[in-house]
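The block underneath contains the structure these notes are about, expressed in structure tokens.
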Amino acid sequence: MSFKFISKLPRPDEIKELIPFSDGLKKIKTERDEEIRKVFTGESDKFLVIIGPCSADNEDAVLEYVENLAKVQDKVADRLILIPRVYTNKPRTTGQGYKGLMHQPDPEKRPDLRAGLIAMRKMHIHAIEVSGLTSADEMLYPANWSYVDDFLSYVAIGARSVENQQHRLTASGIDIPAGMKNPTSGDLSVMLNSIVAAQSSHNFIYRSDEYETTGNPLAHAILRGATNKHGDSIPNYHFEDLELLLEKYEDVDVQNRAVIVDTNHSNSAKKYAMQPRITREVLNSRK
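Take the position in the sequence shown, starting the count at 1, then add 1; the result is the number in our numbering.
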């Protein structure tokens, strides 16, 4: 057989019992979620900033980062809501290489998914404890949502996953904002179709059981740039790109039409130093 059984993983309820999310942290999340929700519904004029390293693989470094980010949040609380990126899963273009903390909690050792699930949950919870900031992660594996659904405040569906039906249907059942990225081709219709799907009600199989979802009105667009057939990066954050998305939004029946601009990936051709300039241009485009 091509599949070799390794071990039976703990159920989400078992992991949650092992690493509980306290009532105090639940209160922080409830308050943060409401504040974030109001940005998407237009009840708040604040901007949302999802910020942090590409991946989170070292808890000490992540905790130091979010502690410092919390100090910044205090200074800009009247204008910005900061959500730390604590991305514990890494999509790989070829499937090779380091796949993130959940797969390999110790990069020097073999993959260990049980230890990875525990490390992932501990890292997110400890980050909230030291900073008061609930975090964002990527939904690389829809079946893993049940391990993290009690503490995340934002989830992203990646460019390689956005056309996958299980990602779309799972996003329709979550109660926090779900950012749907444009695919690497740059096709906005794929992204918009995913938003429609995520905002709609569905019946489907999830973790071997049948579920019905009500739809997620906070599903929205993420513009991350594209890659052409030659492998060149094609940005889509300019004024005309935002204007085009607004026009395309008019053609679909969705709530809370919003967009987050990814200032890295193909929008910066992965040149991180360009991100402040891209941010300024996007802000100027709103005037």
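Think of the CB as a built atom: it goes at the ideal place given N, C-alpha and C, for glycine as much as any other residue. Remember, it's a predicted structure, so these values are computed and weren't measured experimentally.
Backbone CA spacing between residue i and residue j [nearest angstrom]
i	j	result
Thr-280	Ser-286	10 Å
Lys-230	Leu-19	47 Å
Ile-223	His-239	14 Å
Ala-128	Asp-24	16 Å
Val-131	Glu-139	22 Å
Val-67	Asn-237	29 Å
Pro-112	Glu-244	44 Å
Ser-147	Lys-76	34 Å
Ala-144	Leu-81	32 Å
Leu-291	Asn-204	The structure shown has nothing for residue 291, since the chain only spans 2 to 288.
Val-283	Phe-22	37 Å
Ala-1	Ser-56	Because residue 1 is not part of the residues shown, which for the chain are 2 to 288, the question remains open.
Gly-232	Ser-186	10 Å
Asn-268	Thr-31	33 Å
Ser-173	Leu-118	23 Å
Lys-110	Ile-52	29 Å
Thr-214	Ser-45	27 Å
Ala-120	Asn-183	30 Å
Tyr-250	Glu-241	14 Å
Lys-91	Gln-97	10 Å
Tyr-99	Asn-165	22 Å
Tyr-273	Leu-246	24 Å
Residue burial classification, residue i (beta-carbon count within 10 angstroms, cutoff 16)
i	result
His-221	buried
Val-262	buried
Tyr-155	buried
Lys-72	exposed
Phe-152	buried
Ser-8	exposed
Pro-178	buried
Arg-169	buried
Glu-190	Reading off the sequence shown, one finds Ser at residue 190, where the question assumed Glu. Its Cβ having fewer than 16 others within 10 Å, Ser-190 is exposed.
Phe-290	Absent from the structure is residue 290, since the part of the chain shown begins at 2 and ends at 288.
Gln-200	buried
Gln-74	buried
Leu-10	exposed
Thr-89	buried
Arg-122	buried
Lys-5	exposed
His-43	Here residue 43 is Gly; the residue named in the question, His, does not match the sequence. Exposed: under 16 other Cβ atoms inside 10 Å.
Thr-95	exposed
Gly-180	buried
Candidates the options: closest to residue i by CA position
i	options	result
Leu-70	Asp-58, Gln-276, Pro-54	Pro-54
Glu-60	Val-87, Asp-34, Leu-83	Val-87
Leu-26	Arg-115, Leu-170, His-125, Ala-116	His-125
Val-255	Tyr-99, Val-197, Leu-247, Pro-11	Val-197
Arg-225	Lys-110, Val-260, Arg-33	Val-260
Leu-134	Ser-3, Gly-96, Glu-65	Glu-65
Ala-78	Arg-33, Asn-90, His-104	Arg-33
Asp-176	Met-275, Asn-217, Thr-95	Asn-217
Ser-234	Val-253, Glu-211, Tyr-207, His-266	His-266
Glu-15	Pro-184, Val-149, Gln-167, Asp-188	Val-149
Asn-257	Ala-270, Leu-193, Met-275	Leu-193
Asp-58	Arg-161, Asp-107, Lys-47	Asp-107
Arg-278	Thr-264, Leu-219, Lys-288	Thr-264
In DSSP terms, what residue i is bridged to
i	result
Ala-179	Val-156, Ala-220
Tyr-207	Asp-210
Val-262	Leu-224
Ser-234	Thr-228
Ala-270	Answer is none; Ala-270 lacks a bridge partner.
Glu-60	According to DSSP, which records beta bridges pairwise, Glu-60 is partnered with nothing at all.
Phe-48	Leu-81
Ala-144	In the DSSP output, where bridge partners are listed per residue, Ala-144 has none listed.
Asp-138	Val-156
heavy atom of the ligand GTP below 8 Å from residue i C-beta
i	result
Arg-38	The ligand GTP is absent from the structure shown, which contains no ligand whatsoever.
Interface flag, residue i vs chain C, CB-CB below 9 Å
i	result
Asp-263	Looking at the structure shown, chain C is missing, and only one protein chain is on hand.
If you scan the region 63-129 from start to end, which runs of the beta strand (DSSP E) of 3 or more residues do you find wholly inside it? Runs found: 81-85.
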